[in-house]
Amino acid sequence: MLCYDWLAVGGMETDVNAFQNGIGFEEFVGSGNGGSSLILLGTGCSSAVPNARCLINPTDPPCQVCSLSLSVPPEKNPNYRCNTSLLIDHLDGNGIHYYILIDVGKTFREQVLRWFTHHKIPRVDSIILTHEHADAVLGLDDIRAVQPHSPTNDIEPTPVYLTQYAMDRSSRRDRWLQCVRQPCSVEDLSAQQTSSMQRRKSGRHDQGGMQMVENQ
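Just so we're aligned, residue 38 is where the sequence shown starts under my numbering, counting upward by one.
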């Protein structure tokens, strides 16, 4: 079993008085010790928070949550939330970091700009998609910015783990997703991820699920 520290939360309910008193959001949550960590990139609904409609056509009285979303900067504001997403930063026994992303929703680009830059996350090694809805998959096109990069395009595709149903729906919408073979079971995921990491070191790749490749 892996033990993780909590580094940052991109939108978690807490005492608003802490922010009004000048306590930074991440300072309020706490920081890790440099080992493996979990970074909550977003904890909001599909439309995210604030809801744009609440701001451009406010009710009377106005929605308190959406009104407070503009009171302090987003990175310090528990009322400003992107689509639900989690990044696992796993530090292995050799001191190598592996980055596993769970869900890539409509707000993924904003999450990268806000949290990847802040925590110096250089890439995403693999992806888990919990379902096929927009708040979990519509940011996949922006994964290109965080895939391992090579000027000669001689790098491995990014493995994606998901259910058969989600695979069928996603591959019809995004033709640049290629099916490698049937997705693995939940029980096999940890073992396959470890095997994939070893293959990356040896230069081989035959990962299950989907892979993300550039159109040639």
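Ideal Cβ positions, reconstructed from N, Cα and C, are used throughout, including at glycine.
- In the DSSP assignment, residue 197 falls within the beta strand (DSSP E) that extends over 195–198.
- By the CB criterion at 7 Å, residue 160 and residue 183 fall inside the cutoff.
- Pairing residue 76 with residue 107, the inter-Cα distance amounts to about 23 Å.
- For a cut-off of 8 Å, the C-beta gap from residue 136 to residue 124 is around 6 Å, short enough to register as a contact.
- Remark: C-beta atoms of residue 73 and residue 138 do not approach each other more closely than 7 Å.
- Residue 144 holds the alpha-carbon nearest to the alpha-carbon of residue 84 among 132, 144 and 205.
- Annotation: residue 206 to residue 170 spans about 9 Å, alpha carbon to alpha carbon.
- Rounded to the nearest whole angstrom, the CA to CA distance from residue 198 to residue 162 is 12 Å.
- With a contact defined as Cβ atoms closer than 8 Å, residue 100 and residue 91 qualify at about 4 Å.
- Residue 203 is positioned such that its CB atom lies closer than 7 Å to that of residue 168.
- Note: residue 72 is not bridge-paired with any residue in the DSSP secondary-structure output.
- Counting other Cβ atoms within 10 Å of its Cβ, residue 114 reaches 16 or more and is therefore classed as buried.
- Closest in C-alpha terms to residue 110, from the list 126, 87, 153 and 93, comes 87.
- Excluding residues up to 5 positions away in sequence, 47, 119, 122, 123, 124, 148 and 152 lie with their Cβ nearer than 7 Å to the Cβ of residue 78 in the same chain.
- Distance between residue 104 and residue 80, taken at the CA atoms: about 18 Å.
- Sixteen is the threshold: when 16 or more other Cβ atoms of the shown chains lie within 10 Å of the Cβ of residue 142, as they do, the residue is buried.
- At a cut-off of 3 residues, the continuous stretches assigned as beta strand (DSSP E) that sit fully inside the region 127–208 are 134–139, 163–165 and 195–198.
- The C-alpha of residue 173 lies about 21 Å from the C-alpha of residue 154.
- Taken through DSSP and simplified to helix, strand or coil, residue 109 comes out as coil.
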